[in-house]
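Mind the numbering: the sequence shown is residues 10 to 156 in our numbering, read in order.
Input: a single structure, listed below in structure tokens.
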Amino acid sequence: MIHIALFQPDIPQNVGAAIRLCACLGITLHIIEPCGFPWDAKKIRQSGMDYLQEAHIIRHDSWQAFQKEYKEWRFVLMTTKASIPYTDFQFLENDILIAGRESAGVPEEIHQTIESRVIIPMSGKARSLNIINATSMIVGEAIRQTT
């Protein structure tokens with residue numbers, strides 16, 4: 010099944026929304042630390058509401074630890090710096106969709122190590138969607154393709 014990973018998330022409310030998304034879809038959520046905020050279980054529970062108990066969350070100390078543990082999986086970076094629209098991409102069951110930091114994406118050295126990258130084509134001068142809205146769109150297409 011498809012997984013979602015948040016790389017060093019900055020905004021606890023987005024983590025809460027990701028928890029809810031993953032709980033509702035039965036998807037594993039990976040949090041690649043360090044987070045841009047203190048991991049306060051009480052605040053995460055508030056953001057994740059009653060979905061926290063339904064979600065499968067795995068926290069990783071670093072990108073290296075995450076990468077080592079999931080080396081058999083394909084990483085798919087959701088980025089504004091890709092050329093392949095997510096609707097033209099062929100998703101696989103062992104994909105982990107990776108969302109970068111809300112403030113900065115993923116560092117260039119990580120960006121370059123991930124071969125699979127997808128973009129949501131934007132109209133006009135819009136720069137980007139909220140990270141969880143974008144993730145929801147892409148995970149929906151990935152699930153449609155793989156089930």
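Glycine included, each C-beta is placed from N, C-alpha and C at the ideal position.
Counting only residues of its own chain and dropping the five nearest sequence neighbours on each side, Ile-123 has a CB closer than 6 Å to the CB of Phe-84 and Leu-86.
Per DSSP, Met-146 is one residue of the alpha helix (DSSP H) stretching across 140 to 155. Sequence-distant Cβ neighbours of Trp-82 in its own chain, meaning closer than 6 Å and more than five residues away, are Asn-103 and Ile-105. The beta carbon of Ala-108 lies closer than 6 Å to those of Leu-15, Met-87, Ile-140 and Thr-144 in the same chain, with the five residues before and after it left out.
When rounded, the separation of the alpha-carbon atoms in Asp-70 and Ile-41 is 6 Å. By the criterion of at least three beta-carbon pairs nearer than 8 Å, the stretch 23 to 41 is in contact with the stretch 126 to 141.
Beyond the five residues adjoining it in sequence on each side, Gly-149 comes within less than 8 Å, by CB distance, of no other residue in the same chain.
Inclusion of Ala-91 and Val-127 in the CB contact set at 9 Å is warranted, their separation being smaller than that value. In the structure shown, Val-24 falls within a helical segment according to DSSP collapsed to helix, strand and coil. Annotation for Ile-67: Thr-37 and His-39 place their beta carbon closer than 7 Å to its own, counting only its chain and skipping 5 residues before and after.
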